[in-house]
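A.B. asks: In the working numbering, the protein residues as written are 25 to 112. All C-beta atoms, glycine included, are put in the ideal place defined by N, C-alpha and C. Since this is a predicted model, take the numbers as computed values, not measurements.
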């Protein structure tokens, strides 16, 4: 599972970012990851609800071994991001 927190600013402004978000979502879905896509507002104003949802999902899923995930730093226009690559 993964958590993606999106703010309103920047979303909907750049088509390339929209496509990249969808590509990332498809990649993780293809590898049986469960996405939690929440707004910045939800993460700040309703963290208890988010934690409850994640906790509930974690009780139903087995974690992927750490060795199956390669973390690659990527320079982005908004700073340094990390790309997670699934290693089979």
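(1) Name the residue from 102, 25, 83, 65 whose alpha carbon lies nearest to the alpha carbon of residue 50.
(2) Mind reading off the beta-carbon distance from residue 64 to residue 29? Whole number of angstroms is fine, and I expect it under 8 Å.
(3) With a CB to CB cut of under 8 Å and the five nearest residues on each side skipped, what residues in its chain are close to residue 106?
(4) For residue 27, count neighbouring Cβ atoms within 10 angstroms of its own Cβ and tell me buried if that reaches 16, exposed if not.
(5) How many Å lie between residue 102 and residue 60 at the Cα?
C.D. replies: Answer, in terms of the structure:
(1) Mapped onto the chain shown, residue 50 falls at position 26. Nearest of 102, 25, 83, 65 to residue 50, Cα basis: 25.
(2) The sequence position of residue 64 within the chain shown is 40, counting from 1. The sequence position of residue 29 within the chain shown is 5, counting from 1. The C-beta separation of residue 64 from residue 29 comes to about 6 Å, placing the pair in contact by the 8 Å criterion.
(3) Locating residue 106 in the chain shown gives position 82, counting from the first residue. Contacts found: 95, 96, 97, 98.
(4) For the purposes of this step, residue 27 is identified with residue 3 of the chain shown, where counting begins at 1. Result: exposed.
(5) Residue numbering aside, residue 102 sits at position 78 when the chain shown is read from its first letter. Residue numbering aside, residue 60 sits at position 36 when the chain shown is read from its first letter. Taking the straight line from one Cα to the other gives about 21 Å.
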